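Colleague:
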Amino acid sequence: MGTWELIKSGLELRPETFEQATAPGGLKHLALLLTIAVISKSLGEVGVLYINRATRLQYLRGVVGSLAALIFAALVWSGCIWLSCRFALGMNPDYAVVIAIVAVSYTPLIFSFLDIIPHLGLLLFKIWSIWGLLITVAGLHHLYGLSPLQGLACSGVGWVIFYSLNTFFGGAAEKVKLRLLGRDQWVNPKEAAVALLEKELTR
Amino acid sequence: MMDWLLSNLGYAFTLMALIVAAIAIVAPFESLKWWSADMELTLPDVPERKAGEIPKDECFVVYLTGIGGSGDSLARREFGFLERLKERAPDAVIIHDVFPFSVTNNPLTGDRPLAWFFGAMHRARLKAKSIFFEFWIGARNVCQVAVCSDPRYGPIYNLGIAKEVYRALLSHGYDPRRASPVYLIGYSGGGQVALGAACYLTRLRSPVTVITVGGVFSSIPGLLLADHVHCLVGSKDRTVKLGPLMFPGRWPLAPRSAWNKARRRGKVSIVDMGPMIHSGRGDYFTRSVTLEDGTTYADHTADVVAGIIKAK
Chain A
1 MGTWELIKSG LELRPETFEQ ATAPGGLKHL ALLLTIAVIS KSLGEVGVLY
51 INRATRLQYL RGVVGSLAAL IFAALVWSGC IWLSCRFALG MNPDYAVVIA
101 IVAVSYTPLI FSFLDIIPHL GLLLFKIWSI WGLLITVAGL HHLYGLSPLQ
151 GLACSGVGWV IFYSLNTFFG GAAEKVKLRL LGRDQWVNPK EAAVALLEKE
201 LTR
Chain B
204 MMDWLLSNLG YAFTLMALIV AAIAIVAPFE SLKWWSADME LTLPDVPERK
254 AGEIPKDECF VVYLTGIGGS GDSLARREFG FLERLKERAP DAVIIHDVFP
304 FSVTNNPLTG DRPLAWFFGA MHRARLKAKS IFFEFWIGAR NVCQVAVCSD
354 PRYGPIYNLG IAKEVYRALL SHGYDPRRAS PVYLIGYSGG GQVALGAACY
404 LTRLRSPVTV ITVGGVFSSI PGLLLADHVH CLVGSKDRTV KLGPLMFPGR
454 WPLAPRSAWN KARRRGKVSI VDMGPMIHSG RGDYFTRSVT LEDGTTYADH
504 TADVVAGIIK AK
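The listed protein sequences correspond, in order, to chains A and B. Under our numbering, the letters of the first sequence match residues 1 to 203, in that order. Under our numbering, the letters of the second sequence match residues 204 to 515, in that order.
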């Protein structure tokens with residue numbers, strides 16, 4: 001099974017996906033999958049970079065930053081799931097396997113270049129997130145026999161911990177991303193537009 | 204032949220869906236490119252007019268067409284409506300040269316890579332009244348309405364349109380030092396663009412009123428910023444119902460949305476236009492269909508809009 005088959009079966013939530021992802025050599029496919037997901041995600045976010053008037057070099061640095069952020073987020077989120085499985089359900093899952101499940105859950109992000117579509121893109125972003133969550137639940141079910149409700153609870157608790165951590169440390173991550181882009185802060189198009197217009201009207 | 208057509212129908216629809224997806228993906232780039240280039244917002248100065256030159260009830264009416272517009276010219280029925288409006292409100296300066304689906308007021312047949320395609324579609328739809336030719340222009344413009352309503356791109360798009368409306372106002376004699384009322388009339392998707400432009404135009408000294416004719420629009424801050432918003436809605440207009448359906452901000456579940464706040468503050472009036480449809484025979488600009496009292500639909504729409512203008 002190659003990367004393409006892994007992606008296809010991952011999107012369909014099939015059990016063999018998780019077996020392949022955790023088998024020897026699965027890491028190579030997961031790395032390729034994450035790279036495709038990051039490239040797609042950066043294409044979906046190209047509008048934000050236009051708004052911030054980023055150069056090509058800044059854009060490429062942004063892509064590298066996104067890849068790093070995605071890997072970091074996968075590690076943290078899988079850690080949260082591992083902790084909730086261990087303490088809430090009394091299980092002892094292999095952390096590397098949980099990481100593989102979470103990595104597979106990023107498969108729907110290969111479509112995130114579609115996030116650029118006006119209006120619909122905002123909905124699509126939520127669909128990819130829910131789809132990813134379902135893949136995680138399916139992975140926990142197939143590899144550890146967790147019921148969908150238990151899987152959802154573990155992923156959900158992991159999700160809550162992850163977002164709590166993101167609230168505390170998200171600012172620092174944003175600063176790193178902005179530094180990579182060579183900016184002090186994101187451009188708020190509305191504020192910038194109003195400032196320009198007011199300058200013109202009071203001329 | 205028929206069998207061949209039917210067996211390939213699936214492929215044809217898939218191809219069309221892919222093309223529409225491509226149009227949607229590239230939709231924000233016109234405004235983004237305008238924004239990311241060295242954007243020039245400087246507008247021309249206007250000479251101050253003498254008091255005697257200005258009619259007592261002067262106001263400015265900017266008409267923004269619907270998603271069927273190509274930016275070259277309005278449809279005859281729209282011209283007919285604007286003529287009727289001028290008869291009823293002679294002091295109103297009527298402006299219709301702003302294409303609401305381009306931040307640089309560039310018509311579909313203007314200086315753009317696909318001008319040849321849209322030009323061909325526009326000419327073909329004038330000759331053959333086929334929905335196929337209408338579809339491509341409509342799809343492109345619907346995507347621009349989506350850009351206008353998207354919180355990521357909307358502020359930029361709306362600034363571009365507001366700039367073009369302001370430029371058109373100045374070239375038609377608008378003096379920013381006077382507070383002559385400004386009316387933005389948006390038909391169909393033009394209603395969304397009118398509300399988007401109102402977000403910035405309300406910074407003028409003039410009161411800005413938005414009138415949507417069969418308007419399909421989101422919950423946008425322009426609803427709160429405009430002096431008042433009048434929504435003209437035909438009882439048989441099904442397209443207008445897409446707005447409350449597609450945009451969560453217009454659902455009653457979102458009490459803090461601009462739409463629901465504007466409704467609570469009495470800033471929005473819904474005007475029942477009778478059994479009018481959205482587009483085609485029996486729409487807001489039709490001259491061949493009458494209401495029970497014998498008034499044509501076009502006359503009734505002009506009466507209602509003129510009534511709003513005169514009430515100020």
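Using N, Cα and C, we set each Cβ at its ideal position, and we do this for glycine too. Quick caveat, the model's predicted, so the values are computed rather than measured.
Which word fits Lys41 of chain A, buried or exposed, when buried means at least 16 other C-beta atoms lie within 10 angstroms of its C-beta?
Modeller: Lys41 of chain A should be labelled buried.
Colleague: Any chance the segment 438–446 of chain B sits against the segment 283–294 of chain B, with 3 or more Cβ pairs inside 8 Å?
Modeller: Counting Cβ pairs under 8 Å, fewer than three are found: no touch.
Colleague: In whole angstroms, what is the alpha-carbon distance linking Phe111 of chain A and Lys366 of chain B?
Modeller: When rounded, the distance between both Cα atoms is 35 Å.
Colleague: Just the chain B side, please: which residues come within less than 7 Å of Gly47 of chain A by C-beta, in chain order?
Modeller: Simply Pro231, Leu235, Arg355, Tyr356.
Colleague: Using a C-beta cutoff of 9 Å, does Ile359 of chain B count as contacting chain A?
Modeller: So, interface residue.
Colleague: Cβ of Val350 of chain B less than 9 Å from any chain A Cβ?
Modeller: Yes, because at least one Cβ of chain A sits closer than 9 Å to the Cβ of Val350 of chain B.
Colleague: Under three-state DSSP, which class holds Thr412 of chain B?
Modeller: DSSP places Thr412 of chain B in strand when its eight states are reduced to three.
Colleague: Measure the alpha-carbon distance for Leu448 of chain B versus Val419 of chain B and round it to whole angstroms.
Modeller: Computed Cα separation, rounded: 10 Å.
Colleague: Beta-carbon separation of Ile414 of chain B and Leu387 of chain B under 9 Å?
Modeller: Yes. Within cutoff.
Colleague: Show which residues of chain B have a CB atom less than 8 Å away from the CB atom of Leu120 of chain A.
Modeller: Chain B residues near Leu120 of chain A: Ala227, Ala349.
Colleague: With H, G and I counted as helix, E and B as strand and the rest as coil, what does DSSP make of His299 of chain B?
Modeller: DSSP places His299 of chain B in coil when its eight states are reduced to three.
Colleague: Identify the contact partners of Ser239 of chain B in chain A, using a Cβ-Cβ distance below 8 Å as the criterion.
Modeller: Per Cβ cutoff of 8 Å: Tyr50, Ile51, Arg53.
Colleague: Within the chosen definition, does the segment 304–319 of chain B reach the segment 225–239 of chain B through at least 3 CB pairs nearer than 8 Å?
Modeller: Flag = yes, the segment 304–319 of chain B and the segment 225–239 of chain B touch.
Colleague: Is the beta carbon of Val471 of chain B closer than 9 Å to that of His431 of chain B?
Modeller: In this structure, Val471 of chain B lies closer than 9 Å to His431 of chain B by Cβ.
Colleague: Rounded to whole angstroms, what's the CA-CA distance from Thr35 of chain A to Gly341 of chain B? Just pull it up for me.
Modeller: Approximately 37 Å, taken between the alpha carbons.
Colleague: Is there at least one Cβ from chain A nearer than 9 Å to Thr382 of chain B's Cβ?
Modeller: Thr is not the amino acid found at residue 382 of chain B; the sequence shown has Ala there. It does not; no Cβ of chain A falls within 9 Å.
Colleague: Where DSSP assigns a beta bridge to Phe263 of chain B, which residues make up the other side?
Modeller: Paired residue(s): B:Val296, B:Val385.
Colleague: Name, please, each residue of chain B whose Cβ falls closer than 7 Å to the Cβ of Ile116 of chain A.
Modeller: The contacting residues are Ile228, Pro231.
Colleague: Which whole-angstrom value is the C-beta distance of Trp238 of chain B and Tyr50 of chain A, which I expect to be below 8 Å?
Modeller: So it is a contact: roughly 7 Å between Cβ atoms.
Colleague: Please name the residue or residues paired with His433 of chain B in a DSSP beta bridge.
Modeller: Answer by DSSP bridge pairing, in chain order: B:Ile414, B:Ser472.
Colleague: Curious, which full-length alpha helix (DSSP H) runs of at least 4 residues does the segment 27–54 of chain A contain?
Modeller: Taking only runs of at least 4 residues, the alpha helix (DSSP H) segments lying wholly in the segment 27–54 of chain A are 46–51.
Colleague: Note down, in chain order, every chain C residue with its Cβ under 7 Å from the Cβ of Cys346 of chain B.
Modeller: The structure shown has no chain C; the protein chains it does contain are A and B.
Colleague: Restricting to Cα atoms, I'd like to know which of B:Ala224, B:Pro478, B:Gly394, B:Glu261 is closest to Ser352 of chain B.
Modeller: Looking at the Cα atoms, B:Gly394 is the closest of the given residues.
Colleague: What is the rounded straight-line gap between the Cα of Thr217 of chain B and the Cα of Cys154 of chain A?
Modeller: Whole-angstrom Cα-Cα distance: 39 Å.
Colleague: In terms of DSSP beta bridges, what is Tyr214 of chain B paired with?
Modeller: BP columns for Tyr214 of chain B are empty, so no partner.
Colleague: Distance, Cα to Cα, Asp475 of chain B vs Asp506 of chain B?
Modeller: Each residue's Cα considered, the two are about 13 Å apart.
Colleague: Who are the near neighbours of Asn361 of chain B in its chain, counting only those whose CB is closer than 7 Å to its CB and skipping five residues on each side?
Modeller: For Asn361 of chain B, where only same-chain residues beyond five positions count, the Cβ hits under 7 Å are Cys351, Gly399, Ala400, Cys402, Tyr403.
Colleague: On the three-state DSSP scale, how would you describe Lys513 of chain B?
Modeller: Lys513 of chain B falls in the helix class under three-state DSSP.
Colleague: Could you check whether His299 of chain B and Leu311 of chain B sit closer than 9 Å to each other, using their CB atoms as the reference points?
Modeller: Not in contact: Leu311 of chain B and His299 of chain B (Cβ atoms no closer than 9 Å).
Colleague: Between which two residues does the alpha helix (DSSP H) carrying Val63 of chain A extend?
Modeller: Taken as a continuous stretch (DSSP letters only), the alpha helix (DSSP H) holding Val63 of chain A covers 56–88.
Colleague: So is Ala224 of chain B in contact with chain A if we call contact Cβ pairs under 9 Å?
Modeller: Closer than 9 Å: yes.
Colleague: Roughly how many angstroms lie between the CA atoms of Ile226 of chain B and Phe320 of chain B, to the nearest whole one?
Modeller: Cα to Cα, Ile226 of chain B sits roughly 13 Å from Phe320 of chain B.
Colleague: What do you reckon, are the CB atoms on His142 of chain A and Pro15 of chain A nearer than 9 Å?
Modeller: The answer is yes: Cβ separation under 9 Å.
Colleague: Who does Tyr390 of chain B pair with in a DSSP beta bridge?
Modeller: Answer by DSSP bridge pairing, in chain order: B:Val416.
Colleague: Is any beta-carbon of chain B found at less than 9 Å from that of Phe113 of chain A?
Modeller: Closer than 9 Å: yes.
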